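Student: Take this structure, written in structure tokens, and hold onto it; I'll ask about it next.
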Amino acid sequence: MGSSTSELKARRREDYLFHLDYRTRWNDNDMYDHMNNSIYNFLFDSIVNSYLITHCDLHPPSSSQYGLVVHTHTNYFASIAFPAIADLALRVNKLGRSSVTYEVALFERGIDEVKAVGEFVHVFVDRETGKPAKSGMGEVLRRGLEKLVVEGTHVGVESETETKSSTMGAKL
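Under the numbering used here, the first residue of the sequence shown carries the number 30, and numbering increases by one thereafter.
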């Protein structure tokens with residue numbers, strides 16, 4: 030992540046441009062009586078794909094391109110547990126030719142301080158080849174993602190080297 034831990038810990042809901050709520054479930058808790066770390070990744074994936082489906086015209090089973098997750102990272106600051114309601118928040122910190130770096134925050138309803146901030150990176154690949162398209166991500170997808178770019182973060186076209194290094198995990 031490009032931001033320091035103190036910057037991430039200072040995040041507020043208004044730092045994000047798309048929001049989604051999630052009612053925690055009893056089985057989200059682990060033996061330590063807080064939400065299990067694996068649930069955070071599930072929630073990060075859920076808010077990203079909810080946005081892509083509703084605002085970028087993505088249809089996961091049939092779209093000509095789909096996003097491969099090549100990196101995730103989470104900073105945990107405080108726990109959340111059932112029966113709390115999680116407020117998820119999403120923004121784009123970097124938008125390249127074929128990749129996007131999202132930042133996802135998790136807040137607890139009624140509490141101002143952020144509980145966790147994660148980084149989630151997608152590389153969009155062609156459904157037929159499994160590789161990034163030479164022209165990059167589709168135009169509708171790009172326009173939808175541009176709406177989430179936060180001022181002062183990076184939007185542009187990454188170099189070929191960046192594309193190759195970010196898709197190394199995609200070569201399965």
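The beta carbon of each residue, even a glycine, is placed where N, CA and C say it ideally should be.
Keep in mind it's a predicted model, so treat the numbers as computed, not measured.
Give a yes or no on whether the C-beta atoms belonging to P161 and V169 are separated by under 7 Å.
Tutor: No, the Cβ-Cβ distance between P161 and V169 is not below 7 Å.
Student: Would you call the segment 103–110 and the segment 54–68 in contact, with 3 or more CB pairs under 8 Å?
Tutor: Yes: the two stretches touch, three or more of their Cβ pairs being nearer than 8 Å.
Student: Touching or not, the segment 109–129 and the segment 84–93, by the rule of three or more beta carbon pairs under 8 Å?
Tutor: These segments do not touch.
Student: I think H151 touches G96, with their Cβ atoms under 8 Å apart; what is that distance to the nearest whole Å?
Tutor: Yes, they are in contact, since the Cβ atoms of H151 and G96 sit about 3 Å apart, within 8 Å.
Student: Looking at A145: is its Cβ nearer than 7 Å to the Cβ of T101?
Tutor: No, the Cβ-Cβ distance between A145 and T101 is not below 7 Å.
Student: Apart from the five residues on each side of it in sequence, which residues of its chain come closer than 6 Å, Cβ to Cβ, to E175?
Tutor: There are no such residues.
Student: To the nearest angstrom, how far is the alpha carbon of V98 from that of F149?
Tutor: Using only the alpha carbons, I get a separation of about 7 Å.
Student: Go ahead and pull the three-state DSSP assignment for S195.
Tutor: Note that S195 scores a pLDDT of 40, beneath 50, so its modelled location is shaky and nothing firm can be said.
Student: Within a Cβ cutoff of 6 Å, which residues of the same chain sit near L37, ignoring the five residues on either side of it in sequence?
Tutor: Excluding sequence neighbours, L37 sits near N104 and V146.
Student: Taking C-alpha atoms, which residue in T83, M166 and G173 lies nearest to S128?
Tutor: Checking every option, the nearest Cα to that of S128 belongs to M166.
Student: Going along the chain, which residues of its own chain have a beta-carbon closer than 8 Å to the beta-carbon of T34, five neighbours each way excluded?
Tutor: So the list reads N104, once near-sequence residues are dropped.
Student: If I measure Cβ to Cβ from T130 and keep anything under 6 Å in the same chain, skipping five residues before and after, which residues do I get?
Tutor: So the list reads N122, K123 and V150, once near-sequence residues are dropped.
Student: Tell me whether H151 sits in a helix, a strand or coil according to DSSP, three-state version.
Tutor: Looking at H151 - three-state DSSP - the assignment turns out to be strand.
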